[in-house]
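Engineer:
Protein chains: 2
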Amino acid sequence: MTRKEIPVPTLERLSTYLRALASLDIQGVEMVCSSNIEAETGISAAQFRKDLSYFGEFGKPGIGYYVSDLQKRIEKILKLDREQSVVLVGAGNLGSALAAFPGWKQHRFSIVAVFDNNVSKIGRKLWDLEIQDVRELVHANRDYQAKIGIIAVPATEAQNVANLLIVGGVKVILNFAPATLRAPQGIVIRNVCFIQELAVLSYLLSEEESKIENVALPSGNK
Amino acid sequence: MTRKEIPVPTLERLSTYLRALASLDIQGVEMVCSSNIEAETGISAAQFRKDLSYFGEFGKPGIGYYVSDLQKRIEKILKLDREQSVVLVGAGNLGSALAAFPGWKQHRFSIVAVFDNNVSKIGRKLWDLEIQDVRELVHANRDYQAKIGIIAVPATEAQNVANLLIVGGVKVILNFAPATLRAPQGIVIRNVCFIQELAVLSYLLSEEESKIENVALPSGNK
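Just so you know, the sequences run in chain order H and V. In case it helps, our numbering puts the first sequence at residues 269 to 490. In case it helps, our numbering puts the second sequence at residues 269 to 490.
1) Rounded C-beta distance between L397 of chain V and L432 of chain V? I'm assuming under 8 Å.
2) Which partner residues of K328 of chain V appear in the DSSP bridge assignment?
3) Return no unless some Cβ of chain V is closer than 8 Å to the Cβ of A414 of chain H.
4) So, is the C-beta of R458 of chain V closer than 8 Å to a C-beta in chain H?
5) Say whether chain H places a C-beta atom closer than 8 Å to the C-beta of Q315 of chain V.
6) Pull up the CB-CB distance for Q427 of chain H and A408 of chain H, whole angstroms please, since I reckon it's below 8 Å.
7) For A381 of chain V, which three-state DSSP category applies?
8) Let me check one thing: in DSSP terms, what residues is G417 of chain V bridge-paired to?
9) Nearest-angstrom Cα distance between V380 of chain H and A467 of chain V?
10) With three or more C-beta pairs closer than 8 Å as the rule, is the stretch 450-457 of chain H touching the stretch 363-375 of chain V?
11) Tell me the DSSP bridge mates of D401 of chain V?
12) Per DSSP, what kind of secondary structure is L394 of chain H in: helix, strand or coil?
13) Let me see if you follow: with CB-CB separation under 8 Å, is R410 of chain H close to chain B or not?
14) What are the residues of the stretch 418-429 of chain V that lie near chain H, defined by any Cβ-Cβ distance shorter than 9 Å?
15) V435 of chain V and I416 of chain V: beta carbons closer than 8 Å?
16) Determine the DSSP secondary structure at V460 of chain H, reduced to helix, strand or coil.
17) How about I419 of chain V and N385 of chain V: are their beta carbons less than 8 Å apart?
18) Would I305 of chain H and A314 of chain H qualify as a contact pair, given that the criterion is a beta-carbon distance under 8 Å?
19) Out of H:D349, H:K479, H:S302, H:K347, state which residue places its alpha-carbon closest to the alpha-carbon of G332 of chain H.
20) Can you list, in chain order, the residues of its chain whose CB lies under 6 Å from that of F383 of chain V, leaving out five sequence neighbours each side?
21) Helix, strand or coil for V222 of chain H? Go by DSSP, reduced to three states.
22) Whole angstroms is fine: what's the gap from G475 of chain V's alpha carbon to E343 of chain H's?
23) Please classify Y471 of chain V as buried or exposed, where buried requires at least 16 neighbouring CB atoms within 10 angstroms.
24) Can you give me the C-alpha to C-alpha distance between G330 of chain V and R317 of chain V, rounded to a whole angstrom?
25) Along the chain, where does the alpha helix (DSSP H) that runs through L348 of chain V open and close?
26) Residues in the stretch 453-478 of chain H with C-beta within 7 Å of chain V's C-beta atoms, listed in sequence order?
27) Quick check on the burial criterion: 16 or more other C-beta atoms within 10 angstroms. Buried or exposed for K490 of chain H?
28) From which residue to which residue does the alpha helix (DSSP H) around E306 of chain V run?
29) Taking a cut of 8 Å between CB atoms, which residues from the stretch 273-299 of chain V lie near chain H?
30) Is the distance from the Cβ of L338 of chain H to the Cβ of L282 of chain H below 8 Å?
31) What is the rounded straight-line gap between the Cα of K347 of chain V and the Cα of L394 of chain V?
32) Using a C-beta to C-beta distance shorter than 7 Å, which residues of chain H count as neighbours of V440 of chain V?
33) Could you confirm whether any beta carbon from chain H is found closer than 8 Å to the beta carbon of Q400 of chain V?
34) Closer than 6 Å by C-beta to S353 of chain V: which residues in its own chain qualify, once you throw out the five before and the five after it? Chain order, please.
35) By the criterion of Cβ-Cβ separation under 8 Å, what are the contact partners of G360 of chain H in chain V?
36) Would you mind stating whether V429 of chain H and V355 of chain H have Cβ atoms separated by less than 8 Å?
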């Protein structure tokens, strides 16, 4: 059995389509064409069609795609068609915001446990989950069997937490701490870094400003 | 004057290098070679050299790069070598987490104002900033002149907030709400979507699991 691995940028676009489709679905839209997707996501209609062609035929020529069909197909590709347990480490503001996020259920992710190292938090509730001592993580995950972990702790604690998650059986980590984490092969880490996003925006802002300047110059507006 | 626009994936990698360099700098490392960067970021040494070559010569052949030099050069490329004002909308858990984030100053971003629509929050402090009524945003930003806005409000409010930011003069928006936002040309929006990150991880997890299965099969381990 051979599997083609899907490149990460394609995965990212697929999940962007999924978000757009969910939004269209809520609006009661039943069918879309690739130009609707372009309007909704900013990803070109051609790129959208190319991404889907990778997985075989989807749409009806000249008509478009059924929103609910397309959602299901993409969910299947992304393996979102099954329940997935997630453990969250960090019950601070960020952890609270993440736990309260309404999108989990929709995508069949379930935060099954929350851990922290702050004794004043341990035993209290974060929404409907009891905050557990992070030192119990490895042991506790024998029961939960979560393969996905989220790190929402300060940078100085992030590597320790990653180590605990990995020893506890977690295979993929979403890291919100501004730290570069080390992990053995076979463990996948994705870093969410606000500052990196802002750095990109900072450059794009300067681009926009220079365009405005160029338009104002006689020679620039060509 | 011609400018080559830097593709977004390159910008993203540049900010990843910057993060790695900051981490090495804290550890007291003075010089790095491209393989150090690979170890630190997971981005290949060849890709790193290619990215830098885009901006001219940086390193010393056979020796490597001065960490502090390289940081400054990349900061300059990303236009992080100047103070930048940011307005934050949303003083909930996520907004609080973002405002408390220690990386702002380091990258010369300054959150100058926080807005919310919740009357029980308006007038109170979020860290050292007074939470202002979101209806004052457009007027208030005449003084702040912030070009960067962060949206940390529920999805249902996000488009309204984006509209206010844009009318108020904001040019680039970092959107944390799980909503697809519409904006006129010339406005740059970047969406930070946790669920999208998890969707990517979900697929990568299934890949890892299938690799383990394949290794267990006699024909799979080649």
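All residues carry an ideal CB built from backbone N, CA and C; glycine is no exception. No experiment lies behind these values; they were computed from the predicted model shown.
Structural biologist: Taking the structure as given:
1) In the second sequence, counting from the first residue as 1, residue 397 of chain V sits at position 129. In the second sequence, counting from the first residue as 1, residue 432 of chain V sits at position 164. Between L432 of chain V and L397 of chain V the Cβ distance is about 18 Å, and since that is not below 8 Å, they are no contact.
2) Residue 328 of chain V sits at position 60 when you count from the first residue of the second sequence. BP columns for K328 of chain V point to V:G332.
3) What you label residue 414 of chain H is simply residue 146 of the first sequence in a count that begins at 1. So, not an interface residue.
4) The sequence position of residue 458 of chain V within the second sequence is 190, counting from 1. For R458 of chain V, the answer is yes, since a Cβ of chain H falls inside 8 Å of its Cβ.
5) Residue 315 of chain V sits at position 47 when you count from the first residue of the second sequence. No, Q315 of chain V lies away from the interface with chain H (no Cβ there is under 8 Å from its Cβ).
6) Taking the first residue of the first sequence as 1, we reach residue 427 of chain H at position 159. Taking the first residue of the first sequence as 1, we reach residue 408 of chain H at position 140. 20 Å between Cβ atoms; not a contact.
7) Counted from its first residue, the second sequence places residue 381 of chain V at position 113. Three-state DSSP puts A381 of chain V in a strand.
8) If you number the second sequence from 1, residue 417 of chain V lands on position 149. BP columns for G417 of chain V point to V:V355, V:I441.
9) As a first step, residue 380 of chain H must be located in the first sequence, where it is residue number 112. As a first step, residue 467 of chain V must be located in the second sequence, where it is residue number 199. Taking the straight line joining both Cα atoms gives about 17 Å.
10) no
11) Taking the first residue of the second sequence as 1, we reach residue 401 of chain V at position 133. BP columns for D401 of chain V point to V:D384.
12) Position 126 of the first sequence, counting from 1, holds the residue named residue 394 of chain H. If DSSP states are grouped into helix, strand and coil, L394 of chain H belongs with the strands.
13) You won't find chain B in this structure, because its protein chains are H and V.
14) I418, A420, P422, A423
15) Here residue 435 of chain V refers to the residue found at position 167 when the second sequence is read from its first residue. Here residue 416 of chain V refers to the residue found at position 148 when the second sequence is read from its first residue. No, Cβ-Cβ distance for V435 of chain V and I416 of chain V is not below 8 Å.
16) Within the first sequence, the letter at position 192 stands for residue 460 of chain H. DSSP places V460 of chain H in coil when its eight states are reduced to three.
17) As a first step, residue 419 of chain V must be located in the second sequence, where it is residue number 151. As a first step, residue 385 of chain V must be located in the second sequence, where it is residue number 117. Not a contact, by the Cβ cut-off of 8 Å.
18) Here residue 305 of chain H refers to the residue found at position 37 of the first sequence. Here residue 314 of chain H refers to the residue found at position 46 of the first sequence. It is not a contact, given that the beta carbons lie outside the stated cut-off.
19) Here residue 332 of chain H refers to the residue found at position 64 when the first sequence is read from its first residue. Nearest of H:D349, H:K479, H:S302, H:K347 to G332 of chain H, Cα basis: H:S302.
20) Residue 383 of chain V sits at position 115 when you count from the first residue of the second sequence. The residues are V357, Q400, V402, L405.
21) Given that chain H is displayed from residue 269 to residue 490, the structure contains no residue 222 of chain H and the question cannot be resolved.
22) Against the second sequence, residue 475 of chain V aligns to sequence position 207. Against the first sequence, residue 343 of chain H aligns to sequence position 75. The sequence shown places Glu at residue 475 of chain V, rather than the Gly named in the question. C-alpha separation (whole angstroms): 15 Å.
23) Residue 471 of chain V sits at position 203 when you count from the first residue of the second sequence. So Y471 of chain V counts as buried.
24) For the purposes of this step, residue 330 of chain V is taken as the residue at position 62 of the second sequence. For the purposes of this step, residue 317 of chain V is taken as the residue at position 49 of the second sequence. About 13 Å.
25) Reading the second sequence from its first residue, position 80 is the one you call residue 348 of chain V. Note, L348 of chain V: premise wrong, no alpha helix (DSSP H); not H, not E.
26) G454, V456, R458, V460, C461, F462, I463, Q464, E465, L466, A467, V468, L469, S470, Y471, L472, L473, S474, E475, E476, S478
27) Translated into positions along the first sequence, residue 490 of chain H becomes position 222. Any reading at K490 of chain H needs caution, since the residue's pLDDT is 34, under 50, leaving its predicted position unreliable; the model's value is listed next. Exposed, since its Cβ has fewer than 16 Cβ neighbours within 10 Å.
28) In the second sequence, residue 306 of chain V corresponds to position 38, counting from 1. It spans 302-309 - the alpha helix (DSSP H) in which E306 of chain V sits, taken as one unbroken run.
29) E273, I274, V276, P277, L279, E280, L282, S283, T284, L286, R287, A288, S291
30) If you number the first sequence from 1, residue 338 of chain H lands on position 70. If you number the first sequence from 1, residue 282 of chain H lands on position 14. No, these two residues do not count as a Cβ contact at 8 Å.
31) Here residue 347 of chain V refers to the residue found at position 79 when the second sequence is read from its first residue. Here residue 394 of chain V refers to the residue found at position 126 when the second sequence is read from its first residue. Looking at the two C-alpha atoms, the distance is approximately 28 Å.
32) Sequence index remark: in the second sequence, residue 440 of chain V carries index 172 (1-based). Chain H residues near V440 of chain V: L469, L472, L473.
33) The residue given as residue 400 of chain V occupies position 132 in the second sequence. Closer than 8 Å: no.
34) The sequence position of residue 353 of chain V within the second sequence is 85, counting from 1. Within the same chain, S353 of chain V has close Cβ partners S378, V380, Y412, A414.
35) Position 92 of the first sequence holds residue 360 of chain H. Here the neighbours are A365.
36) Mapped onto the first sequence, residue 429 of chain H falls at position 161. Mapped onto the first sequence, residue 355 of chain H falls at position 87. The answer is no: Cβ separation not under 8 Å.
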